[in-house]
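Q: Would you mind keeping the following structure in view while I ask a few things?
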Amino acid sequence: MGPDDLALAVERHATSKLPDGDLFRIDTLGFRGEALPSIGAVSRLTLTSRTAEAEQGASLTVEAGAKGPVRPAPAQRGTRIEVSELFAATPARLKFLKSDRAETAAVSEILRRLAVAQPQIRFTLRSDGGTPLVLPAEEGETASLRRLAGVLGADFAPNALPVDLAREGLALTGHVSLPTFNRGAASHIHLVVNGRPVRDRLLLGAVRGAYADTLASDRHPVLGLFLACDPALVDVNVHPAKTEVRFRDPGLVRALVVSAIHEALRRGGARSATTGAARALEALRPAAGPQSAPPLRSYSGLSAPSLFRPERPAMPAGAPSFGAPPGYRAPAPQGDLGLSHRGPPHPGPGHVGSGGFGEAAQALLDDAPRDPPETGAAPPQAAAFQPPLEEEALDFPLGAARAQIHETYILAQTRDGIVIVDQHAAHERLVYERLKRERAAGGILRQGLLIPEVIELPPDAAERLAAAAPDLDRLGLGLEAFGPGAVLVREVPAILRNASVRALVADILDALEASGVEEGGEAAAEDGPLGRRLDAILSRMSCHGSIRAGRRLHPQEMNALLREMEATEKSGQCNHGRPTSIALALHDIERLFGRR
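Counting in the numbering used here, the sequence shown runs from 427 upward without gaps.
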């Protein structure tokens, strides 16, 4: 500012600093009207400013409301605002201040949000006795990501997905976190509109909706989104602190945010947060200090061959399997299982093999026995078979399955480490995404029950199910009222044909009570609240069609599951937001054993 504007800026009611008075095309931040004189009334306020054309700057001091003269002063281009002796003239207000730590944290939060919005500016915050916060100026194409990493932590960058989408005069850029990289508070969500940091309910709701089926209700994503549009399309004068905005077309803005985040998460595929591996490695490291050795267990009942198995050479396709029953021949690797795939190592999300990738994996899982062997029973010989470790399989993101641990976790080997997969969580997400695709394509495949099943329920629960029958029919569940306090189930989704109908109905009833699906939902609302409620019910249903912890899988089944995870969007986390896999790099494992 020049000397004249400097003197005017601290006057009461000096609200408009706009040269043309156009309140509908505001593209600067500015101060709220009377903010500077209000600050000067309760402190010692010093303003120093210099325009780009001026040879020297000007300085003005306001102390307890008394304005001093404007004096020449050496200054860099821009404006410097210094506030000291806060509330010295009005000590009664001091009692309303929080602790120094709390007030410093509030100032730091404001500075961080401004820093995210303006990565090209250097920010420094110093407080008494604290470590200075220094955010250097960032330039180049990755400036916003580096600034976000400086504000949100170094772990953000390796767990971030880029966002870049433009539509009808709106442009959205930035980075969003993988769903498994989340926080317990929404304070790590940074939203910027035309360079202005905001905490807008519309944008926050759109973000929450985009992550709806990938995060638990008490968790929040970590992200920084930058929305650019014509200033005439957004009103920034709807909140005293200018932290909320109003869009001319809120529906268009919400659709843009949801679509952009959905596309980013789709590209994320089976990726899971790197912090999961860090936590796993930390848990594996021995605690400091002397440790008492665990009591030795007796292994006298085990034969030597069961403890030490010699390495076997990889067997060609069709050769008899090691430990397989007499007459059993290992099937040749199938192209849609990925182990003999000769194309690119990673087919990418949405890829479907020649025979229908998801169907091939599901068929393998459906044909295997459902229940684990009884305690003490000899394990099936096929479980001891280790599949040939082909070079192509190591290049897949999730590698080649090598073992199953506690009939719950799949251990896979990659080119540079290992991957541990939670088989139930992973398959639950695959079933859920398949059900969603079938619903979007026009209808979920269903299978009629040979003998319709009557489910007895409390009268109000039976009425709720009967009222929601039209909506449930879209999800492949055909039911009808069967007298007072009962429903008759005639059809179930084909993918859930082996599930317990009674347990399925009970879970759907819980989902109905939580989501409030009522009779009369219109098909036009598929992408609105009704569509989201139906997806919530599908999420409950998918649990019944998933392989369970405790079920023993064959090598082909494990590899089929890994390949389908790689081809399915959002498979890095289950329906409840928990990670489906954790990758451990070989060099980290070597450090655990002191090799590095």
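Ideal placement from N, C-alpha and C gives every residue a C-beta, glycine not left out.
Here the structure is a predicted model, which means the values were calculated and not measured.
Measure the C-alpha to C-alpha separation of Ser972 and Thr606 and round it to an integer number of angstroms.
A: About 21 Å.
Q: Please confirm whether any heavy atom of the ligand FMN lies closer than 6 Å to the CB of Ile831.
A: Among the components of this structure there are no ligands whatsoever, and the ligand FMN is therefore not found.
Q: Compare the C-alpha of Asp933 against each of Gly911, Ala962, Ala907, Ile870 and name the closest.
A: Ala962
Q: Would you report the Cα separation of Arg916 and Glu879, rounded to the nearest angstrom?
A: 7 Å
Q: Distance check for Val684 and Asp590, CA to CA, integer angstroms please.
A: 12 Å
Q: Under the three-state reduction of DSSP, which class applies to Thr474: helix, strand or coil?
A: Strand at Thr474.
Q: I'd like the span of the beta strand (DSSP E) that includes Glu906, first residue to last.
A: 904-907
Q: Is it true that the CB of Val857 sits closer than 7 Å to the CB of Leu824?
A: Not closer than 7 Å, so no.
Q: Going along the chain, which unbroken runs of the alpha helix (DSSP H) with 4 or more residues stay wholly within the stretch 840-881?
A: Unbroken alpha helix (DSSP H) runs of no fewer than 4 residues, entirely contained in the stretch 840-881, are found at 849-866, following chain order.
Q: Between Thr840 and Leu988, what straight-line distance do the alpha-carbon atoms span, to the nearest angstrom?
A: 12 Å
Q: Kindly list the residues whose CB is nearer than 8 Å to the CB of Leu1010, restricted to its own chain and excluding five residues on each side of it in sequence; keep chain order.
A: Ala703, Ala706, Leu707, Gly843, Ile844, Val845, Ile846
Q: Following the continuous beta strand (DSSP E) through Thr505, name the residue where it begins and the one where it ends.
A: Counting along the chain, the beta strand (DSSP E) containing Thr505 begins and ends at 504-510.
Q: Quick check: the stretch 508-515 against the stretch 461-476, are at least 3 beta-carbon pairs closer than 8 Å?
A: yes
Q: Which stretch, first to last residue, makes up the alpha helix (DSSP H) that contains Arg989?
A: 981-992
Q: Within its chain, find whatever has a CB closer than 6 Å to the CB of Ala951; leave out the 5 residues flanking it on each side and keep chain order.
A: Interpretation of Ala951 is limited by its pLDDT of 39, a score under 50 that renders its predicted location unreliable; the figure taken from the coordinates is listed afterwards. The answer is none, since no qualifying residue turns up.
Q: What residue from Leu891, Leu604, Leu820 has the CA that sits closest to Ala937's CA?
A: Leu891
Q: Comparing C-alpha positions only, which one of Ser1007, Val488, Gly610 sits nearest to Glu992?
A: Ser1007
Q: With DSSP as the reference, label Phe522 as helix, strand or coil.
A: helix
Q: So does the stretch 901-917 actually touch the stretch 869-878, counting three or more Cβ pairs closer than 8 Å?
A: yes
Q: What is the residue span of the beta strand (DSSP E) that Ala654 lies within?
A: 649-654
Q: Exposed or buried, Asn985, counting other C-beta atoms within 10 Å across all chains shown (16 or more means buried)?
A: buried
Q: Rounded to whole angstroms, what is the Cα-Cα separation between Ala826 and His980?
A: 13 Å
Q: For the candidate residues Asp1014, Gly902, His1002, Leu678, whose alpha-carbon lies nearest to that of Glu1074?
A: The question about residue 1074 has no answer here: the residues shown for the chain are numbered 427 through 1022.
Q: For Leu820 and Arg828, which I take to be in contact (beta-carbon distance under 8 Å), what is that distance rounded to the nearest angstrom?
A: With 8 Å as the limit, Leu820 and Arg828 do not qualify as a contact, their Cβ atoms being about 11 Å apart.
Q: If you measure between the beta carbons of Gly1003 and Leu604, is that distance less than 7 Å?
A: Going by C-beta atoms, Gly1003 is not nearer than 7 Å to Leu604.
Q: Could you check the C-alpha separation between Arg1024 and Tyr835 for me, to the nearest Å?
A: The question about residue 1024 has no answer, for the chain in this structure spans 427 to 1022.
Q: For Glu567 and Pro584, I'd like the C-alpha separation in whole angstroms.
A: In a straight line, the C-alpha of Glu567 is about 16 Å away from that of Pro584.
Q: Assign Arg497 to buried or exposed, taking buried as 16 or more other Cβ atoms, counted over all protein chains shown, within 10 Å of its Cβ.
A: Result: exposed.
Q: My output table needs one value for Ile963: the three-state DSSP class, helix, strand or coil.
A: DSSP places Ile963 in helix when its eight states are reduced to three.
Q: Compute the Euclidean distance between the alpha carbons of Ala887 and Val560, then round it to the nearest angstrom.
A: 59 Å
Q: What three-state label does DSSP hand Asp554 in the structure shown?
A: coil
Q: What does Ser603 pair with, by DSSP beta-bridge criteria?
A: Answer is Ala586.
Q: Our contact map puts Gly911 next to Glu882 with C-beta atoms below 8 Å; I'd like the distance itself, whole angstroms only.
A: Between Glu882 and Gly911 the Cβ distance is about 6 Å, and since that is below 8 Å, they are a contact.
Q: Under 6 Å Cβ to Cβ from Leu659, same chain only, skipping five residues before and after it: list those, please.
A: Arg674
Q: With which residues is Ile934 paired in a DSSP beta bridge?
A: According to DSSP, Ile934 bridges with nothing at all.
Q: Can you check whether the CB of Asp626 is closer than 7 Å to the CB of Val671?
A: The Cβ-Cβ distance between Val671 and Asp626 falls below 7 Å.
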